[in-house]
Structures are given as C-alpha cells and as structure tokens.
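Undergrad: The sequence shown begins at 298 in the working numbering and counts up one residue at a time. Note that CB positions come from ideal geometry on N, CA and C, so glycine has one too. Computed from a predicted model, the values in this text were never measured in an experiment. Before anything else, here's the structure in question.
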Amino acid sequence: MGNQKLEKISSDMLLSGMYLDSDLYYIVDENPVLLCHGTVIDATILDRLRDIAKQDVEIFVGEGTYQKLLKQHEYVSKLNGQIAKRYNETREVMSEFIRETSYTNQINQESMVRLVSMTRNAVDIMQPYFLLQLGSYMSDMDELLQTHSVDVAILNGMIGRWLGLGDDRIEKLISIGLLHDIGKLRIPDHILNKPGRLTKEEFEVVKLHAVYSYEMLVRSGVTDEEILMGVRHHHERITGTGYPDGLMLNEIPYFAKITSISDIYDAMISKRVYKESATPLKVLDSFYRDQFSDLDPRIVNLFLEQMIRELNGKLVILSNGDVGKITYIEKMRIAYPLVDVDGTIIQTGPNCHVVSVCGEIV
C-alpha cells in the first residue's frame, strides 16, 4: 500500500458493486485480511464484511475512496433516518402478525387495521429514493415474507398516490400488499427456500399460494371484494398466461395489476437464495421491455416515469470503478444512462455499466 493515507470506515458504508481504488484490509483477532486493489465488492464479500463487523473489526480504505463513501453515507443516513425508523417498526409488527397468523391460520383483523395504519404512515412520509434501496434492507433470508410484504404494500401505496387515488383506495392497496403472499405460510419451506431452480411440480405447489391467501382472507371474514380479488389475482398477466385463473387484460382487477408491478419490482431488486439483487436501472429496463407482453402498460409507464425522475441526479458506481452522477436516462435504454464522471459525460453500455446506485451528490 506504500505511503498512501488510510482511513477507517464502518462496513455499512460499503455497497455491493464498489470497485476498490486501493487495497482494503481488515483486522480480525489481530490478524490482517487483504482485499487487493481492483477487487469488486460482490454480495458475498459484502456479507462477510458485515458479518465480521459484528465483532471487534477495523476496515480501512484509501483516502479518495473514503471521501466518496463518506459523502454518500452521510446523505443516505440523513435521508433515511425517519423513513427507515417507520419502515423497520412496520416490519417488526408484520413479523408479529405473521407469527400470529401462522399459529391461528386466521387473519386477526384488529392487528391488520393497525398494520395498515402503520404502513400508511410510512407511505405518507416516503421519499421515492427509498424505493431504490428497498432490496438492501433485508439482512436475513428468514425475513423474506415479512420484508417482501411490507415492501409491496409500500410500493402499492406509492403507486396509488401517483395515480391520485383517494385515501380509502390507497389503504386497500396497502392491505393487498401486506396480505398477497400470506398463503405462502402453507407452502413447505424446503420449496420456498430452495436455492436452485424449482421443478415443474414444485412450481405448481408455489402457485397455490395466491389461492391459499384468498381462502385465508375469506375464512377470516374479509369481505371487501377489491382486496380479495387483488390478493387472488396478483400473478395474473394480461396475455392470459398468469395464475390462478388465466385472466386476460380487461378481466384482471385494477388493484391486482398494480400489485403485480410492485411484486415483480421488489422480487427483482431484492436478493434471494437463488439469485443476487439487480440494480434499479436493470429492473426498470426489464419493465420497459416487458410492459406490452405481461403487464398493464399504462400503469407500468407511470411507474417508470416516476422512478426515472428519481434516478436522475443520483450517485452511481460504474463497472470500471468510476463514480459519477446520472444526467439523463432514455426510456429505451434505461439500463445505460448518461453519467457525468468528473465533468466528462459517459454513455454507459454493456462494457461500462452501472453496478450500484448510491445516492445524491450533495
């Protein structure tokens, strides 16, 4: 490392996709561990660093990297403070709700009212930037159901807000998001958490969760038709290729169309046992390309416009290690925006692409 000045950082300042511009080393039990200059921090390395950080560990990077990380970390911390607090509180209550539901096989409607209220409060103060970071808030695969349910509820609430829906309808959308996957409590864990590709037979079992969710709501006395149909049909596709009933475009309930977008976005942006997370740019690019085949293009277009607006101006890390700011995103090339790197505008592409969206340059 020569005479380069080193700075100590915390592991939560690191992001998957960062490219080390200097050697990084950390100390565990007085033994140094080295990651060489040029290493790209992938999800595996990031998990290891965050895991050892629970011990008495010191992590060091070069001064240049430190300044960039510090700026980004301070911004995100400031932005996310109150929102993250509401979000985490809602997740905790959702965990209690799932435990209770798993034990009783019934929806406690009083608990549900409280949960919807908490989620609505989170949506009311939500900044769109937080939606770009949703996938990074799940620290344990055991949290998958509660985290995904809260994420989809928040996304549903935000889309409802963008659509100009009234309070009552936004709360119905939030309810659907919270309950859409509750039927997965009846799916065996070895199938839900299988790290590899599901067999045809296993996938047929997983597909039952939509009906299981619907049946649990009916059995628990839920009578609101929009909520029931939104939960039952959130995996329908406008081409009739979805499940459980193979509905076509005009047959699919409006709230189910919205929930399918929220469900897919969160699933793609989040890490799973069988895949790594994708960047928001890649996910939105996929939405644009698939919008006319599977999803309602009117709702997809609204979602894309809002998310693209939020991505402009964001600090990003490129695959060559450069750090820059998004200056323009073309709808037909969402995955490859124009990025300003120290005053030079770069057209990103397959050979130089965004690997991490960090925050704003402030």
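Counting only the same chain and skipping the five closest in sequence on each side, list residues whose C-beta sits under 7 Å from that of I561.
TA: Excluding residues within five positions, none has a Cβ falling inside 7 Å.
Undergrad: Can you check which of these residues, I422, H477, K504 and L599, is closest to V449 by C-alpha distance?
TA: Selected option, being the one with the closest Cα: H477.
Undergrad: At what residues does the beta strand (DSSP E) containing V620 begin and finish?
TA: First-last of the beta strand (DSSP E) with V620: V620 to Y625.
Undergrad: Please go through the same chain and pick out, in chain order, the residues whose beta-carbon is closer than 6 Å to the beta-carbon of Y509, but skip the five residues on each side of it.
TA: Contacts found: G480 and R483.
Undergrad: Quick check: what's the CA-CA separation for D439 versus L429?
TA: For D439, the predicted model reports a pLDDT of 48, less than 50, meaning its position is unreliable; a value from the coordinates is still stated below. Cα to Cα, D439 sits roughly 22 Å from L429.
Undergrad: In chain order, what residues of the same chain lie with their CB nearer than 6 Å to the CB of S472, ignoring the 5 residues before and after it?
TA: V413 and I524, listed in sequence order.
Undergrad: Using the beta-carbon count (16 or more within 10 Å), is Q644 buried or exposed?
TA: Exposed, because fewer than 16 other Cβ atoms sit within 10 Å of the Cβ of Q644.
Undergrad: Quick one: using the 10 Å Cβ neighbour count with 16 as the cut-off for buried, is R388 buried or exposed?
TA: Answer is buried; the Cβ neighbour count reaches 16.
Undergrad: For I267, is the classification buried or exposed, using 16 other Cβ atoms within 10 angstroms of its Cβ as the cut-off for buried?
TA: Shown here, the chain extends from 298 to 659; a query on residue 267 therefore has no answer.
Undergrad: Please name the residue in M391, D637 and E533 whose C-alpha comes closest to that of E548.
TA: With distances taken between Cα atoms, E548 lies closest to E533.
Undergrad: By Cβ distance, which residues of its chain are closer than 6 Å to Y540, with the 5 residues on each side in sequence left out?
TA: Same-chain partners within the cutoff: K504 and H532.
Undergrad: How would you label Q424, buried or exposed, when you count the other beta carbons within 10 angstroms and need 16 or more for buried?
TA: By the 10 Å Cβ count, Q424 comes out exposed.
Undergrad: Between K553 and Y384, what straight-line distance do the alpha-carbon atoms span, to the nearest angstrom?
TA: Sequence check: residue 553 is Ala here, not Lys. In a straight line, the C-alpha of A553 is about 23 Å away from that of Y384.
Undergrad: I535 to S446, Cα distance in whole Å?
TA: For I535 and S446, the distance between alpha carbons rounds to 23 Å.
Undergrad: So, is F500 buried or exposed, given that buried needs 16 or more other C-beta atoms within 10 angstroms?
TA: It counts as exposed.
Undergrad: Nearest to L460 by CA position, among Y551, Y625, I631 and V519, is which residue?
TA: Ranking Y551, Y625, I631 and V519 by Cα distance to L460 puts Y551 first.
Undergrad: Would you mind working out which of M565, L599 and E397 sits nearest S628, comparing C-alpha positions?
TA: In the sequence under discussion, the amino acid at residue 628 is Lys, which differs from the Ser named in the question. Out of M565, L599 and E397, L599 has the C-alpha closest to the C-alpha of K628.
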